[in-house]
Amino acid sequence: MAKLNINGRTRDVQVEEDTPLLWVVREQLGLTGTKYGCGVAQCGACSVHLNGAVVRSCSIPVGSVKPTDRIVTIEGLSRNRSHPVQIAWAEIDVPQCGYCQSGQIMAAAALLKRNPAPTDKDIDEAMTNICRCGTYQRIRAAVHKAATIAQGAASPAGRKAKAQA
Amino acid sequence: MTRTARSTATSLSRRKFIIHSAAAAGGGLALGFQLPFGAAPAAAQGAAAKAGAELNAWVVVRPDETCVIRIVRSEMGQGTHTGLAQLVAEELECDWKKVSTEKITAGRNYASKRAWGEMSTGGSRGIRISQDYVRRGGAVARMMLLQAAADQWTVPVGELTVANGVIAHAASKRTTTYGKVASAAAKLTPPDPKSITLKDPKTWKIAGQPLKRIDTAAKLDGSKVYAIDLKLPGMLNAAVKACPVFGGKLVSFDEAKIAGRPGVRRAVQVNDAAVAVVADTWWHAKTALDALPIVWNEGPAATQSSATIAERLAEGLTATQAYAGRREGDALKAIEGAAKKVEAVYSTPFLSHATMEPMNCTARVMPDKVEVWLPTQNAEASLAAATEEAGLTLAQGEVYALDLGGGFGRRGGTQDYTRQAVSIAKQFPGVPVKLTWTREEDQAHDFYRPISQCKLAAGLDESGKLVGLHVRLSGQSINAYLNPPAAKGGDDERQLQGWWKQPGDAQLGYTVPNLLVEYAMRNTHVPVGPWRGVNTNQNAVYVECFMDEVARAAGADPLEFRRALMQEHPKHLAVLNAAAARGGWGTPLPAGVHRGIAQFMGYASYSAAVAEVSVSDRGEVKVHRMVLALNCGHAVNPDQIAAQVEGSVAYGLSAAFYGECSVDKGRIVETNFHTYPILRLAEMPKVETVVLPTYDFWGGVGEPTISVVTPAVLNAIHAATGKPVRSLPLKNVKLA
Chain A
7 MAKLNINGRT RDVQVEEDTP LLWVVREQLG LTGTKYGCGV AQCGACSVHL
57 NGAVVRSCSI PVGSVKPTDR IVTIEGLSRN RSHPVQIAWA EIDVPQCGYC
107 QSGQIMAAAA LLKRNPAPTD KDIDEAMTNI CRCGTYQRIR AAVHKAATIA
157 QGAASPAGRK AKAQA
Chain B
2 MTRTARSTAT SLSRRKFIIH SAAAAGGGLA LGFQLPFGAA PAAAQGAAAK
52 AGAELNAWVV VRPDETCVIR IVRSEMGQGT HTGLAQLVAE ELECDWKKVS
102 TEKITAGRNY ASKRAWGEMS TGGSRGIRIS QDYVRRGGAV ARMMLLQAAA
152 DQWTVPVGEL TVANGVIAHA ASKRTTTYGK VASAAAKLTP PDPKSITLKD
202 PKTWKIAGQP LKRIDTAAKL DGSKVYAIDL KLPGMLNAAV KACPVFGGKL
252 VSFDEAKIAG RPGVRRAVQV NDAAVAVVAD TWWHAKTALD ALPIVWNEGP
302 AATQSSATIA ERLAEGLTAT QAYAGRREGD ALKAIEGAAK KVEAVYSTPF
352 LSHATMEPMN CTARVMPDKV EVWLPTQNAE ASLAAATEEA GLTLAQGEVY
402 ALDLGGGFGR RGGTQDYTRQ AVSIAKQFPG VPVKLTWTRE EDQAHDFYRP
452 ISQCKLAAGL DESGKLVGLH VRLSGQSINA YLNPPAAKGG DDERQLQGWW
502 KQPGDAQLGY TVPNLLVEYA MRNTHVPVGP WRGVNTNQNA VYVECFMDEV
552 ARAAGADPLE FRRALMQEHP KHLAVLNAAA ARGGWGTPLP AGVHRGIAQF
602 MGYASYSAAV AEVSVSDRGE VKVHRMVLAL NCGHAVNPDQ IAAQVEGSVA
652 YGLSAAFYGE CSVDKGRIVE TNFHTYPILR LAEMPKVETV VLPTYDFWGG
702 VGEPTISVVT PAVLNAIHAA TGKPVRSLPL KNVKLA
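Which chain is which? The protein sequence lines are A and B, in order. So for the first sequence, my numbering puts the first residue at 7; every next one is plus one. So for the second sequence, my numbering puts the first residue at 2; every next one is plus one.
What follows is the structure, given as structure tokens:
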């Protein structure tokens, strides 16, 4: 039995405490946007936000997550794919097969939250998830683009445009 | 209770499966312009009528103007669905914004006598093999829609024009739309598709454009359902473990040891070499399987190792007997008598595909029906495998092919995971069972890129001209494993891919007066199969790196040395020149940065690359920039071609730097991404793609460019260090 705060809602799940958060999210909560890739925190396909920071959910036992911890999965990142990272991903046409992209997007969103204008080096260090299709070049471009979009939205002009929309 | 493995009467040999699936796939290519409605269930016909007017196998137009384009090729990220839809929409003259796509299942294709043709998606053929008949499908639909409007207005069809799905008659200033005339059009007799002249690509407005992919949105918010995400009512989950030694068998497993674990239903035998635990959730199944005591009979292959395999391949390099794929002039004599000789031995390892979505398949078996939901590159092979494993006819099967989380050749004809899922589900009649492999199982049971070694010898005359080239390849044959008749007696042309004499597919781009290209088949117990680029990758490394060694021995610039040998191969040469020009060959570079170049042909396309690389004092390699040039004949979507080229660089560099499946005690050593590393973003070079289509042939896109990535980088390392790299991966090579 565990009580989890997921995407802003409190959910009770019947599950053994050593079950990885990934499998609780996928199998108990039915949120399958978070993917299994390796199970050993290597690939990042299972990336989610835990209190705003990106973590690899395949290696976090659900018993270690407190009811007050805020978990956000790809399904909870935004409404209508409106997060700057999702907008940028669409504009650059980043995904190929798409399987790793939930994790990539969550990693990028966490990066921009703590570093709104990342350099290439910052992106190198933060974006360590594996993409087997090799979309890395577009991921890099899209992170920069998302930073620009987010800064536009945060500027006085951007806020005004948003208010009018 | 200990259960002993029983011999499975239904367990079928690989050979039998191949024959079966070949029979299922060998019915010729039916051009489906008139869907045989007689074969479709009446209920489906009713639903289809409500869904819109079916103009032919490829096009349905709905009253709301939506143009539904049918697709049978698999989408695994390579963009084929977008490209095929562009081609049909181009001829259809519909509004691109109103295009949607629909997948046809293998069962429906079978029931319709293959109205949609073959479904296999491999060998970079998704677009180039089907482009002609799908374009004709679009054109036929357009002509029928125009005819219906002409009939309605009683005007000659030649007076009508159409753009974006709006039909106009200028003289009477009337307009109508596809949605309005579609049901009348569907009743007309279609024109003979072969009588149609397709559009000149120079006039393309939808095809040929760098349009955005049609399938991106659901990949951004987690809503896309891959087969691994599937949840059916009452579904159980399974985890599987096969004997880690290839060819080994299951002896027994002690189910009592996992009795009472949460959610566990049963442990079951899977064919004769694997065991599965079935539970309510996959995590319960997986952890119970980890705790299950299993006894294997590992068989004779348990003595095999990378060292024993290397020894066997090395023997093939000098063996008397070998298949001579090319023998022009007398290469041995020419080299013997040459003023200067160059010799080298190269090698490349086994590689796993490591698709991000591990192997998985959901199966439901009933007495008279088997259904599977899975990622597959060949839904017809899935149908053949599932029905055979279930002991049913092809007509009693159905395949729901979900878009793949990566394919790369792993999920084509072999369908081992499909057989396993059906084998498990058979033991739970009527209950859908989802089998999901762990990453460890995925690494341990692949159809690996075959291992090979290559001995090359060249002779130069006093002026530095290449007078003779001898290439002796020794290694494992994919055909010997998957299609034995094609490798009979070791005469396996496919292993020499990229060195062929005949033009059009994988032709060697050099003219050498005395040339001997040989293959000594040396098979191992490790299963092998196609891996993005198949044999072009290894063969390009061998010849293109050796070509640099020979150029150096001749005191020539590697580009100029190649150019001199390529005068009779203008298409190869044009692509090489394009890469050299964009890559700034011969222009100054920052200190410590060096260039390498390579060219190769595969999948009917011509590729070349220039790499800029530095090697640190500690021997660390950094690839800064890569320029790739590609002539794939027709460029259906330049931006998606660029995406494939960029991806091929990442896939190729992963192999070059890290890729290695080594063998110890008969099994694969590398179990997960910590020991089988994959290139990460920080290591990705800047990639520039030059697409130069000549529009006189149709070539592939997904695979061709990967072949030139590694040799260009290795040649740049050679330039940096002065020493050639002759074995991969680079992680094992000391460069400082």
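Glycine included, each C-beta is placed from N, C-alpha and C at the ideal position.
Within 10 angstroms of the Cβ of residue i, are there 16 or more other Cβ atoms? Answer buried if so, exposed if not.
i       : result
E316(B) : exposed
N733(B) : exposed
Q34(A)  : buried
S608(B) : buried
Q87(B)  : buried
S14(B)  : Here S14(B) scores only 35 on pLDDT, less than 50, and its place in the model is too uncertain to base an answer on.
R738(B) : With chain B running from 2 to 737 in the structure shown, residue 738(B) is simply not present.
R85(A)  : exposed
Q20(A)  : exposed
V271(B) : buried
H446(B) : buried
M7(A)   : exposed
R15(A)  : exposed
A10(B)  : Below a pLDDT of 50, predicted positions are generally treated as unreliable, and A10(B), at 33, falls in that range; the measurement from the model is reported next regardless. Classification of A10(B): exposed, given that the 10 Å Cβ count is below 16.
Q322(B) : exposed
Counting only Cβ pairs nearer than 7 Å, list the residues of chain A close to residue i.
i       : result
K98(B)  : Within chain A, no residue comes near K98(B); the closest Cβ sits about 15 Å away, beyond 7 Å.
E358(B) : Y105
L393(B) : Within 7 Å Cβ-Cβ: nothing; L393(B) doesn't reach chain A, min ~30 Å.
I207(B) : Per Cβ cutoff of 7 Å: no residues; I207(B) is ~16 Å from chain A at best.
V688(B) : Q143
Run down chain A in chain order and give the residues with a C-beta less than 9 Å from the C-beta of residue i.
i       : result
I72(B)  : Within 9 Å Cβ-Cβ: nothing; I72(B) doesn't reach chain A, min ~16 Å.
A651(B) : C137, R138, C139, G140, T141, Y142, Q143
P591(B) : By Cβ distance, chain A contributes nothing, its closest Cβ being about 17 Å from P591(B), past 9 Å.
A355(B) : I136, R138
Please name the residue in the options whose C-alpha comes closest to that of residue i.
i       : options                            : result
L631(B) : E684(B), T588(B), E689(B)          : E689(B)
G338(B) : S464(B), G469(B), M357(B), A422(B) : G469(B)
G109(A) : D222(B), A208(B), T106(B)          : D222(B)
R450(B) : E441(B), L436(B), P531(B), E390(B) : P531(B)
T394(B) : N298(B), A385(B), K220(B)          : A385(B)
G118(B) : A58(B), G84(B), L161(B)            : A58(B)
D126(A) : K687(B), A185(B), P294(B)          : K687(B)
Q305(B) : M357(B), A335(B), K342(B), V246(B) : V246(B)
I479(B) : A488(B), G264(B), A387(B), R473(B) : A488(B)
A275(B) : S464(B), Q421(B), Y324(B), A580(B) : Q421(B)
I111(A) : V46(A), P124(A), P73(A), H89(A)    : H89(A)
E647(B) : S615(B), E55(B), G78(B)            : G78(B)
Which chain B residues sit within Cβ distance under 8 Å of residue i?
i       : result
V46(A)  : R440, N673, F674, H675
R146(A) : L682, M685
I155(A) : Result: empty, since nearest Cβ-Cβ is about 14 Å, beyond 8 Å.
T25(A)  : W284
A51(A)  : M357
In chain B, which residues lie with their C-beta within 7 Å of the C-beta of residue i?
i       : result
C139(A) : G78, G407, G648
Against residue i, what residues of chain A qualify as contacts under a CB-to-CB distance less than 8 Å, listed in chain order?
i       : result
T363(B) : Under the 8 Å cutoff, chain A gives no residues; its nearest Cβ is about 13 Å from T363(B).
S224(B) : G39, E81
R214(B) : D99, P101
D640(B) : D99
A644(B) : D99, Q102, T141, R144
P730(B) : Per Cβ cutoff of 8 Å: no residues; P730(B) is ~16 Å from chain A at best.
P263(B) : E22
What are the partner residues of residue i, as DSSP defines its beta bridges?
i       : result
K250(B) : N298(B)
Q270(B) : V276(B)
Y520(B) : Y324(B), L474(B)
A59(A)  : L56(A)
H170(B) : L161(B), R175(B)
List, in order along the chain, the chain B residues whose C-beta lies closer than 9 Å to that of residue i?
i       : result
M133(A) : R681, L682, A683
I129(A) : L682, A683
Compile a chain-ordered list of the residues in the region 96-117 of chain A whose CB is closer than 7 Å to at least one CB of chain B. Listed in sequence order: A96, D99, P101, Q102, C103, G104, Y105, C106, Q107, S108, I111.
What residues in the region 272-296 of chain B have a beta carbon less than 8 Å from any beta carbon of chain A? Taking 8 Å as the cut-off between beta carbons, the residues of the region 272-296 of chain B near chain A are T282, W283, W284, in sequence order.
What residues from the region 217-250 of chain B come within 9 Å of chain A, judged by C-beta to C-beta, listed N to C? Flagged, chain order: T217, A218, A219, K220, L221, D222, G223, S224, K225, V226, Y227, I229, D230, L231, K232, N238.
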